[in-house]
Every structure is written in C-alpha cells, then in structure tokens.
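Trainee: Next up is a structure, given as structure tokens.
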Amino acid sequence: MYLRSASFHTYPRGWPYNPGSWLSYSRCRYRIEASNALQEGMRSTGIKTTIGPKRKPSNADIAVIWSWKHPQIIAAARQDQRPLIVMERGFIQPRFEWVSLALNGFNNRGYFPPSADNGERWQRHFSHHLRPWKDRKGYALLIGQVPGDASLNGVDIKNWAQSRTDMLRRAGHTVVYRPHPLAETVAPEGAVCSRQDLKSDLSGAEFVITYSSTTAVEAVLEGIPVCVEDAGSVAYPMASHHIGEPLRRPDRTQWCHNLAWRQWSINELRNGTAWRHLLSGFFPL
15 MYLRSASFHT
25 YPRGWPYNPG
35 SWLSYSRCRY
45 RIEASNALQE
55 GMRSTGIKTT
65 IGPKRKPSNA
75 DIAVIWSWKH
85 PQIIAAARQD
95 QRPLIVMERG
105 FIQPRFEWVS
115 LALNGFNNRG
125 YFPPSADNGE
135 RWQRHFSHHL
145 RPWKDRKGYA
155 LLIGQVPGDA
165 SLNGVDIKNW
175 AQSRTDMLRR
185 AGHTVVYRPH
195 PLAETVAPEG
205 AVCSRQDLKS
215 DLSGAEFVIT
225 YSSTTAVEAV
235 LEGIPVCVED
245 AGSVAYPMAS
255 HHIGEPLRRP
265 DRTQWCHNLA
275 WRQWSINELR
285 NGTAWRHLLS
295 GFFPL
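So for the sequence shown, this note's numbering puts the first residue at 15; every next one is plus one.
Written out as structure tokens, the structure is:
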C-alpha cells in the first residue's frame with residue numbers, strides 16, 4: 015500500500031476557520047500543536063495532509079484521530095483496510111511533553127514498531143525514572159478512572175472499583191482509593207479516599223490495582239508491583255491480571271526500551287522522526 019494523503023480528525027470542530035472553534039484553543043492547545051507538528055513531519059515525506067471533519071471519515075489514505083473516540087472514522091478505516099494513526103498523551107512523565115503514536119489501535123491494542131537502538135533512546139530520555147523493584151508491606155492502591163473513558167471499553171468504573179475493594183478487603187488488605195484528577199468520583203465503600211499527589215500515594219503502596227490507567231506505567235517505573243486487568247494498558251506485560259495472583263516483578267529492560275519508542279517530542283513529530291519510525295517495516299513510502 016502506497017500512502018499519499020492523510021486526514022486529521024484531531025482538531026476542534028470547524029478548526030481553524032470557524033471562530034467558535036477558537037473557544038476551545040486553551041483546552042485543546044496541546045492536541046492542536048501536536049497535530050500541527052505531525053502534519054509537518056508527514057508532509058516532509060511527501061504526504062498531503064488535510065484537516066478532516068471532527069467525527070466523519072474522509073477519503074484520505076490515512077486517518078488520524080486523537081484517543082479512541084471516533085467510531086465512524088474507526089469503522090470506516092477498518093472496513094476499507096486503511097491505516098489509522100491514534101495520537102494520545104505520552105506514557106512517561108511529563109506526559110504533556112510527549113505524544114504517543116499507535117497504528118490501528120488504542121494504547122497497547124495498537125501496533126508500535128519495536129525499539130531500534132538497544133536502549134539508547136531510553137537511556138537518553140527516560141532512564142532516570144526507573145527504580146528497583148520494591149518488596150514491602152503497605153496498602154493496596156486502587157486507581158480510579160474517568161467514567162466513560164475510551165480505555166475502559168464500556169466497563170462501569172464505579173461498580174468495578176467497589177467490586178475490587180470488596181475483594182481486596184476480604185483478602186485482608188487496607189484499600190486506598192485514588193480518584194482520577196478529572197473525575198472526582200466517590201471512594202468505594204470500605205476504601206480510604208486519597209487527597210495526596212501520586213508520588214505520595216505510591217510511596218506507601220504495597221501494590222497498585224487498576225483496570226487500564228496509565229498510572230500503572232508510573233508504578234512499574236517506581237518499582238511497585240501492579241495488577242492490571244485490561245490488555246489495552248501498556249503496563250499489562252509487567253503486571254499480574256487478577257487480584258489474588260502472585261505479584262510480579264519481571265525484568266523491565268526490553269519493556270522500557272520499547273516504551274521509549276512509543277512516545278515522541280513535538281520536535282520529533284515536526285521533523286518527521288516519529289512518522290518515519292511509525293512506518294518502519296510496515297508501510298512503504
């Protein structure tokens with residue numbers, strides 16, 4: 015398949031000509047700047063890029079979306095067997111300084127070309143985040159998520175959190191619930207609701223439980239075992255998957271190296287580095 019055009023469905027509705035679309039600029043600035051940069055990088059390899067309708071598919075060879083919230087565009091790309099680029103915040107902090115690019119799926123359900131440098135990129139940008147695995151007593155840190163978020167795949171996060179709290183308490187664990195900062199959900203009955211920052215919450219945790227939150231990545235890097243239930247989480251390969259399973263502390267070397275090649279700076283989007291890596295070994299240009 016030869017790729018000649020890409021349609022970006024990542025901008026506010028009517029962007030940039032509808033004056034009303036600029037009301038969203040401050041809220042969407044990160045997404046707009048990342049999309050502008052990726053367009054520039056793709057154009058440097060001869061791809062013609064356009065801004066498409068926010069929720070309707072176009073006839074371009076490639077569709078570009080933000081997160082997994084455009085069912086018509088996703089369905090059309092799958093039906094026509096056209097590549098779909100999924101943009102999202104990076105996985106490693108500071109997440110708003112990095113952008114992840116996946117092909118044909120969201121987070122760990124997407125395709126990411128493997129690392130290409132035996133860990134050099136990881137060492138250059140991210141290795142300072144990694145801490146040794148911990149083996150200590152503490153509470154079970156239960157991670158809340160935004161109800162209805164794309165990463166939940168329809169799971170009712172309130173019911174899920176209550177169910178997991180009950181299971182953890184029956185197993186003898188103290189449960190601390192950390193609500194998502196964008197969704198102040200009520201703590202499940204039987205759990206203590208945290209009002210601390212994430213670093214403080216992690217500092218006292220024996221292990222972390224989440225359905226699919228990217229918080230699991232931070233926990234793994236901090237050396238705290240995680241239980242991750244959904245395979246769409248990029249931390250899934252490092253985790254146990256059911257409460258009651260033995261906690262895992264696997265070798266993280268290759269996972270870290272791969273993770274470094276799953277997120278990109280704005281400059282790397284702009285100069286075509288991210289785009290060329292995304293297509294390496296997958297589509298000819």
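Cβ coordinates follow ideal geometry from the N, Cα and C atoms, glycine included.
Determine, using beta-carbon pairs with one atom in the stretch 258 to 274 and one in the stretch 230 to 249, whether at least three such pairs fall under 8 Å.
Mentor: Yes, the stretch 258 to 274 touches the stretch 230 to 249.
Trainee: Which ranges would you report for the alpha helix (DSSP H) in the stretch 211 to 235 if only whole runs of at least 4 residues count?
Mentor: Taking only runs of at least 4 residues, the alpha helix (DSSP H) segments lying wholly in the stretch 211 to 235 are 212 to 217.
Trainee: Once the 5 residues before and after residue 18 are set aside, which same chain residues still bring their CB inside 7 Å of it?
Mentor: Translated into positions along the sequence shown, residue 18 becomes position 4. These residues qualify, in order along the chain: 61, 62 and 75.
Trainee: Please tell me whether residue 207 and residue 224 are closer than 9 Å, where the distance is taken between their beta carbons.
Mentor: As a working mapping, residue 207 is identified with position 193 in the sequence shown. As a working mapping, residue 224 is identified with position 210 in the sequence shown. Their beta carbons are not under 9 Å apart, which means residue 207 does not touch residue 224 by this criterion.
Trainee: Beta-carbon within less than 6 Å of residue 230's beta-carbon, same chain only, minus the 5 sequence neighbours each way: which residues are those?
Mentor: Within the sequence shown, residue 230 is the residue found at index 216, counting from 1. So the qualifying residues of the chain are 224, 240, 242, 247 and 249.
Trainee: Note down the Cα distance separating residue 114 from residue 103, rounded to an integer number of angstroms.
Mentor: Position 100 of the sequence shown, counted from the start, is the residue given in the question as residue 114. Position 89 of the sequence shown, counted from the start, is the residue given in the question as residue 103. Distance between the alpha carbons of residue 114 and residue 103 is about 6 Å.
Trainee: Please find out if some non-hydrogen atom of the ligand GDP comes closer than 8 Å to the beta-carbon of residue 125.
Mentor: Absence of the ligand GDP is noted for the structure shown, with no ligands found whatsoever.
Trainee: Determine the closest residue to residue 180 out of 258, 218 and 35, with distance taken between C-alpha atoms.
Mentor: Within the sequence shown, the letter at position 166 stands for residue 180. Per the Cα distances, 258.
Trainee: What are the start and end residues of the alpha helix (DSSP H) that includes residue 184?
Mentor: On the sequence shown, position 170 is the one that residue 184 refers to. Its alpha helix (DSSP H) spans residues 171 to 184.
Trainee: Which parts of the stretch 76 to 134 are runs of the alpha helix (DSSP H), unbroken and 4 residues or longer, counting only runs that do not cross its ends?
Mentor: Within the stretch 76 to 134, the complete alpha helix (DSSP H) runs of at least 4 residues are 85 to 94.
Trainee: What is the rounded straight-line gap between the Cα of residue 151 and the Cα of residue 106?
Mentor: Residue mapping note: residue 151 aligns to position 137 of the sequence shown, counting from 1. Residue mapping note: residue 106 aligns to position 92 of the sequence shown, counting from 1. Going from the Cα of residue 151 to the Cα of residue 106 covers about 26 Å.
Trainee: Give me the DSSP bridge partner(s) of residue 62.
Mentor: What you label residue 62 is simply residue 48 of the sequence shown in a count that begins at 1. Answer is 19.
Trainee: Starting from residue 284, follow the alpha helix (DSSP H) in both directions and report where the run begins and ends.
Mentor: Residue numbering aside, residue 284 sits at position 270 when the sequence shown is read from its first letter. Start and end: 280 to 284.
Trainee: Three-state secondary structure (DSSP) at residue 192?
Mentor: For the purposes of this step, residue 192 is taken as the residue at position 178 of the sequence shown. Strand, per DSSP.
Trainee: Counting only beta-carbon atoms, is residue 149 nearer than 9 Å to chain B?
Mentor: Checking the listed chains, one finds no chain B in this structure; it contains a single protein chain.
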